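Q: Read in order, the letters of the sequence shown are residues 1 to 293 in full-length UniProt numbering.
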Amino acid sequence: MTRGTATTTDYTIRTDDGADLAVTDLPPLRSTTPVSNEPFPVVLVHGWAASRRVWGVVADRLVRSGHRVVCYDQREHGLSSGGREPISLQRLAADVAIVLDRTVGTDPAVLVAHSGGGFAALTHVCTVPEQANTRLGGLVLAATAAHGQDTPEREVRMMGSALFTRALARPGLGRRFLRRTMGKRVDPTVLDVNRQMFVATTPRVRAACFGSTMGMDLRPRLSSVRVPAVVLSGSVDRIVPSKLGWTVAQNLPDARFLELPDTGHMLPLEAPHQIVDSVTGLTARRESETTAP
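(1) With a 10 Å radius around its C-beta and 16 neighbouring C-beta atoms as the bar for buried, classify L29 as buried or exposed.
(2) So what does DSSP say about T213, is it helix, strand or coil?
(3) Which one or two residues does DSSP pair with G234 in a beta bridge?
(4) Three Cβ pairs or more, each shorter than 8 angstroms: is that satisfied between the stretch 112 to 128 and the stretch 46 to 60?
(5) So, for V276: in the same chain, excluding its five sequence neighbours on each side, which residues have a beta-carbon less than 8 angstroms away from its beta-carbon?
(6) Check V42 in the structure and name its three-state DSSP category.
(7) By how many angstroms is the C-alpha of V125 removed from the C-alpha of A97?
(8) Going by other Cβ atoms of all chains shown within 10 Å of its Cβ, with 16 needed for buried, is H77 buried or exposed?
(9) T151 by DSSP, collapsed to three states: which one?
(10) Among the residues of its own chain, which have a CB less than 6 angstroms from the CB of P272, if the five just before and after it don't count?
(11) Consult DSSP for V35 and reduce its assignment to one of helix, strand or coil.
(12) Quick test of your reading: R256 and V230, contact by CB under 8 angstroms. State the CB separation rounded to the nearest angstrom.
(13) Between the alpha carbons of L173 and Q74, how many angstroms are there, rounded?
(14) Terminal residues of the continuous alpha helix (DSSP H) containing H124?
(15) On the CB-based measure, 16 or more other CB atoms within 10 Å of its CB, does M266 come out buried or exposed?
(16) So what's D254 in DSSP terms, helix, strand or just coil?
(17) Using the DSSP secondary-structure output, state which residues sit across from R226 in a beta bridge.
(18) For V279 and V110, which I take to be in contact (beta-carbon distance under 8 angstroms), what is that distance rounded to the nearest angstrom?
(19) In this structure, does DSSP put L163 in helix, strand or coil?
(20) Thinking C-beta only, is L89 closer than 8 angstroms to M216?
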């Protein structure tokens, strides 16, 4: 795919282990800018038990500000299939690399990742830091962490429980179960979008994802990632506490940390404008650096 595509395109990317990743490729709506000055393309990576649907408002705002936007369903989420390899952080990180290669190629891009998507994105950049430093124009990490994600076994079992799934399928009960994922003043409609995505993810996949971060600690490798970054955390996030986001920012050489007041874990739904502002801020920084005498 090239920048400036005339229409939105849906397609699949086949991974090296045979998974088919469902992709939506959205062109910028503001197309009068010369190609040499176009904002970075943006690749969006959603969290566990979600789908590319979570990026609706973010993607809309980004294309209106001139960005090409690529979003995809992580394997066995949304319309994406699984492959021969089981779900693991390394496998999900490899999928991030494949999507970058097949969509933006060698063009600089901003990688935006939420929650479990952030674990995959950070694993990717820590695995190939020199490649990331040259190919990425920026990182926006929302409600994510580099360590401290040892999900208790009882919670992993709950994620894989058919009883829990049946409870989530009941709108009122499901919203109550997932209420703790968001801040207090969130719109009930937005809360139900989260519930719908959660229940659409199979119990087996939820359990595999939440069990995949046992022992994860990327902190020692973050210092090699020199990509300009913005780390966003909700002040009332009870899933990935903001202190873990602060730690990510402290260990990245070029990162800014923002704690969003009265905001929970689901930042793409609760605080989409702050995510967009972070992306456009990284683009503006690039423009100022390239035009400086």
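From the three backbone atoms N, C-alpha and C, an ideal C-beta is built for every residue, glycine too. Quick caveat: nothing in here was measured; it's all calculated off a predicted structure.
A: Inspection of the coordinates gives the following:
(1) As a first step, residue 29 is located in the sequence shown; it is residue number 29 there, counting from the start. It counts as exposed.
(2) As a first step, residue 213 is located in the sequence shown; it is residue number 213 there, counting from the start. Here T213 sits in coil by DSSP.
(3) By 1-based counting over the sequence shown, the position of residue 234 is 234. According to DSSP, which records beta bridges pairwise, G234 is partnered with L260.
(4) yes
(5) The sequence position of residue 276 within the sequence shown is 276, counting from 1. V58, R61, L62 and S65.
(6) Working through the sequence shown from its first residue, we reach residue 42 at position 42. Strand.
(7) For the purposes of this step, residue 97 is taken as residue 97 along the sequence shown, with counting starting at 1. For the purposes of this step, residue 125 is taken as residue 125 along the sequence shown, with counting starting at 1. Roughly 9 angstroms between the two C-alpha positions.
(8) On the sequence shown, residue 77 is found 77 positions in, with the first residue counted as 1. Burial call: buried.
(9) Here residue 151 is taken as the residue at index 151 of the sequence shown, counted from 1. Reduced to three states, the DSSP call for T151 is coil.
(10) The sequence position of residue 272 within the sequence shown is 272, counting from 1. Cβ within range, chain order: V57 and V58.
(11) Within the sequence shown, the letter at position 35 stands for residue 35. In this prediction, V35 scores a pLDDT of 49, lower than 50, which makes its location untrustworthy; the coordinate-derived value is nonetheless stated afterwards. V35 falls in the helix class under three-state DSSP.
(12) Position 256 of the sequence shown holds residue 256. Position 230 of the sequence shown holds residue 230. Confirmed, Cβ separation roughly 5 angstroms.
(13) As a working note, residue 173 is residue 173 in the sequence shown. As a working note, residue 74 is residue 74 in the sequence shown. Answer to the nearest angstrom: the Cα atoms are 26 angstroms apart.
(14) The residue you call residue 124 lines up with position 124 of the sequence shown. Element bounds for H124: G116 to T127.
(15) The sequence position of residue 266 within the sequence shown is 266, counting from 1. That one is buried.
(16) For the purposes of this step, residue 254 is taken as the residue at position 254 of the sequence shown. Correct three-state label for D254: coil.
(17) Here residue 226 refers to the residue found at position 226 when the sequence shown is read from its first residue. None; R226 has no bridge partner.
(18) Mapped onto the sequence shown, residue 279 falls at position 279. Mapped onto the sequence shown, residue 110 falls at position 110. Confirmed, about 5 angstroms.
(19) Counting from 1 along the sequence shown, the entry for residue 163 is found at position 163. It is helical.
(20) As a first step, residue 216 is located in the sequence shown; it is residue number 216 there, counting from the start. As a first step, residue 89 is located in the sequence shown; it is residue number 89 there, counting from the start. Yes.
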